[in-house]
Amino acid sequence: MKIAVVIPDLACGGAEKLCMNLCNYLVATQEVFLISLCKHTKEMYPLYLLDSKVNLITLSKHSGLNRELFIRLYRALESIKPSVIHANMAGLLYSAPYILKHRQLGVFYTVHTFVKADTPLWYRYFYLCLLKLRRVEIVANSKAVSKTVQKVYGKAYDKYIHIGSRNLSITENYWRVKQEVANYKPSKGTQVFIHLARIAPVKNQLLLYKSFNQLFEEGYDVILLVLGQMQSKSIFHQLTKLAHPRIFFLGRKENIADYLATVDAFCLTSDYEGLSLATIEAMSMRVIPICTPAGGVGEVVKDGYSGFLSEDHTVGGYVNAVKRYFSLNDRDKELMRENAFRTYKKDFTIEQCGEQYLKLYKVYSNYS
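The opening residue of the sequence shown carries number 0 in numbering that gives the first Met the number 0; numbering runs sequentially from there.
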């Protein structure tokens, strides 16, 4: 089966990482083409994360709507002649001319977060028109996202497949990172928390910083490592003003497994999330997640079993969730780490995600 995965770019985000992980899994048994509409840049995920057997095509899209890109993508797909097109975000828009002409194709569109955040309003109007003209299988990445899909596109579009993470592995830099983190700790007993996300409004790092500042004021022996690309300069500027000496902004890191292997807990304070690949990655490394109840996060983290969910998106609510972590004894913390890992292995591996997509491809395409 020839599978063409179409995505706007390979910027550092959960949707982009999922597409790369999915391609890496599928290419073991299928012929896979990953089509990035934009030119690849150094600010995006490094290409060594992509299996060498995956055929990468970049189309050098500029910002805004590109009329010529419809033609370039059409020609690229014409040369590939895929059995399946798996579109993501604007990938469905630019694939439309090809999929309308080639009606025997299986066409799939993954919605990675709440519909209103996944695509602009006029895209959604266009997609509604497209759905009347030909069959497109819409797949949400969580039950929470599926509810928004059904509200916008119709009750018939009720499919969802939980995203999955590959097995993370520490690198040759692990011991250096371990020493780096040890140097940040004021004492041997200091607890180390980590936050993995781009600096952006939706990730609500202001809540994160304010919550930890309160914990510091109350005397909790903890430090916070913040890893992620600076997407919003205005948010970063506000965070700089809030930054406590026990908060360390380390920027974007490729070797996140090395850092996850050295910390005690993972923090997520997003306003909304489709499911949160970063949370799943943390759980795969036996790190206890402490999250806001953002979208589909509750489908991953069972409060009090595999991590903690705050009651709301307030500083008081999140601080209370962190304090629940501190109330655990060492035995209970170890049990929760194992519960987090078992949850990952049971429901959120890339193998499980990939197999579910393969089954859909075979059912809703002309492949046999």
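Glycine included, C-beta positions come from ideal geometry on N, C-alpha and C. The structure displayed is predicted, hence computed values, not measured ones.
Inter-residue Cα distance where the pair is residue i and residue j
{"i": "C290", "j": "M229", "result": "21 Å"}
{"i": "G295", "j": "V144", "result": "7 Å"}
{"i": "A89", "j": "G13", "result": "16 Å"}
{"i": "S367", "j": "Q103", "result": "Residue placement at S367 cannot be trusted, given a pLDDT of 39 that sits under 50; what the coordinates show is reported in the next sentence. Spanning the two alpha carbons is a distance of roughly 13 Å."}
{"i": "R123", "j": "V151", "result": "8 Å"}
{"i": "Y360", "j": "V83", "result": "7 Å"}
{"i": "K177", "j": "F340", "result": "21 Å"}
{"i": "D187", "j": "E179", "result": "The question names Asp, but residue 187 is Lys in the sequence shown. Answer to the nearest angstrom: the Cα atoms are 13 Å apart."}
{"i": "K41", "j": "D331", "result": "42 Å"}
{"i": "V300", "j": "S309", "result": "11 Å"}
{"i": "T170", "j": "K154", "result": "45 Å"}
{"i": "L369", "j": "I56", "result": "Any question about residue 369 goes unanswered here, given that the chain covers just 0 to 367."}
{"i": "L206", "j": "N328", "result": "26 Å"}
{"i": "V221", "j": "Y183", "result": "10 Å"}
{"i": "A281", "j": "C352", "result": "17 Å"}
{"i": "Q190", "j": "F215", "result": "12 Å"}
{"i": "D346", "j": "S141", "result": "12 Å"}
{"i": "K38", "j": "L72", "result": "13 Å"}
{"i": "G105", "j": "S59", "result": "26 Å"}
{"i": "L226", "j": "C22", "result": "25 Å"}
{"i": "Y363", "j": "Y219", "result": "54 Å"}
{"i": "Q204", "j": "I198", "result": "7 Å"}
{"i": "E217", "j": "L267", "result": "21 Å"}
{"i": "N87", "j": "S305", "result": "30 Å"}
{"i": "P81", "j": "Y271", "result": "34 Å"}
{"i": "K1", "j": "S78", "result": "12 Å"}
{"i": "Y93", "j": "V114", "result": "18 Å"}
{"i": "F247", "j": "T239", "result": "10 Å"}
Simplified DSSP assignment, three categories, for residue i
{"i": "S94", "result": "helix"}
{"i": "K1", "result": "strand"}
{"i": "G105", "result": "strand"}
{"i": "Y156", "result": "coil"}
{"i": "A116", "result": "helix"}
{"i": "T261", "result": "coil"}
{"i": "L327", "result": "coil"}
{"i": "L25", "result": "helix"}
{"i": "F347", "result": "coil"}
{"i": "E136", "result": "strand"}
{"i": "G250", "result": "strand"}
{"i": "S367", "result": "Only weak support exists for where S367 lies, its pLDDT of 39 falling under 50; the value from the coordinates is given anyway. In this structure, S367 counts as coil in the three-state DSSP scheme."}
Option nearest residue i by Cα separation, candidates the options
{"i": "Q213", "options": "I193, R245, H236", "result": "R245"}
{"i": "A116", "options": "S94, T147, I98", "result": "T147"}
{"i": "V110", "options": "P96, I137, K100", "result": "I137"}
{"i": "D303", "options": "E280, L334, A281", "result": "Correcting the residue type first, residue 303 is Gly in the shown sequence and not Asp. The shortest C-alpha separation from G303 is found at L334."}
{"i": "L36", "options": "L17, P45, I6", "result": "I6"}
{"i": "A10", "options": "L46, K100, Q29", "result": "L46"}
{"i": "S231", "options": "V201, L195, G218", "result": "V201"}
{"i": "I98", "options": "C22, R71, G315, V135", "result": "V135"}
{"i": "Y156", "options": "G353, E171, Y108, T112", "result": "Y108"}
{"i": "L357", "options": "L259, V26, R330", "result": "V26"}
{"i": "T454", "options": "N328, E15, A264", "result": "The structure shown does not extend to residue 454, since the chain spans only 0 to 367, so no value can be given for it."}
{"i": "A375", "options": "K158, Y44, C18", "result": "Residue 375 lies beyond the residue range present for the chain, which begins at 0 and ends at 367; the question has no answer from this structure."}
{"i": "S283", "options": "S59, A256, E77", "result": "A256"}
{"i": "V31", "options": "A3, C352, W174", "result": "A3"}
{"i": "C386", "options": "Q29, S269, I34", "result": "Beyond the ends of the chain as shown, which are 0 and 367, falls residue 386; an answer cannot be given."}
{"i": "A311", "options": "E280, A293, I234, F325", "result": "The sequence given here has Asp at residue 311, not Ala. It is A293 whose Cα lies nearest to the Cα of D311."}
{"i": "G315", "options": "S141, S210, N65", "result": "S210"}
{"i": "R251", "options": "Y44, Q29, T348, C22", "result": "Y44"}
{"i": "Q29", "options": "V53, D8, N20, H39", "result": "V53"}
{"i": "Y208", "options": "F265, V286, L241, P119", "result": "L241"}
{"i": "L224", "options": "I193, H236, S269, W174", "result": "I193"}
{"i": "I287", "options": "T239, T342, F247", "result": "T342"}
{"i": "D50", "options": "V262, L195, L259, N20", "result": "N20"}
{"i": "I234", "options": "F307, A196, R285, P119", "result": "A196"}
{"i": "F325", "options": "T313, D8, E298, A264", "result": "A264"}
{"i": "R285", "options": "A260, S269, F307, E67", "result": "A260"}
The ligand FAD heavy atom lying under 7 Å from the CB of residue i
{"i": "K345", "result": "You won't find the ligand FAD in this model; it holds no ligand whatsoever."}
Min CB distance residue i to chain C below 8 Å
{"i": "S231", "result": "Any reference to chain C falls outside this structure, which holds one protein chain only."}
Legend entry - the segment 274 to 287 / the segment 310 to 321 touching (three or more Cβ pairs under 8 Å): No: the two stretches stay apart, fewer than three of their Cβ pairs being nearer than 8 Å.
Inset, instruction - Write down every uninterrupted run of the alpha helix (DSSP H) in the segment 266 to 320 whose length is 4 residues or greater and which is fully enclosed by it, in chain order. - result: Within the segment 266 to 320, the complete alpha helix (DSSP H) runs of at least 4 residues are 276 to 283.
Legend entry - beta strand (DSSP E) runs contained entirely in the segment 31 to 98, provided each spans 3 or more residues: Listed in chain order, they are 54 to 60, 83 to 87.
Inset, instruction - Mind the definition here: the segment 127 to 134 touches the segment 157 to 164 only if three or more C-beta pairs lie below 8 Å; say whether that holds. - result: no
Legend entry - Residue ranges of each beta strand (DSSP E) within the segment 158 to 242, 3 or longer: 190 to 195, 221 to 226
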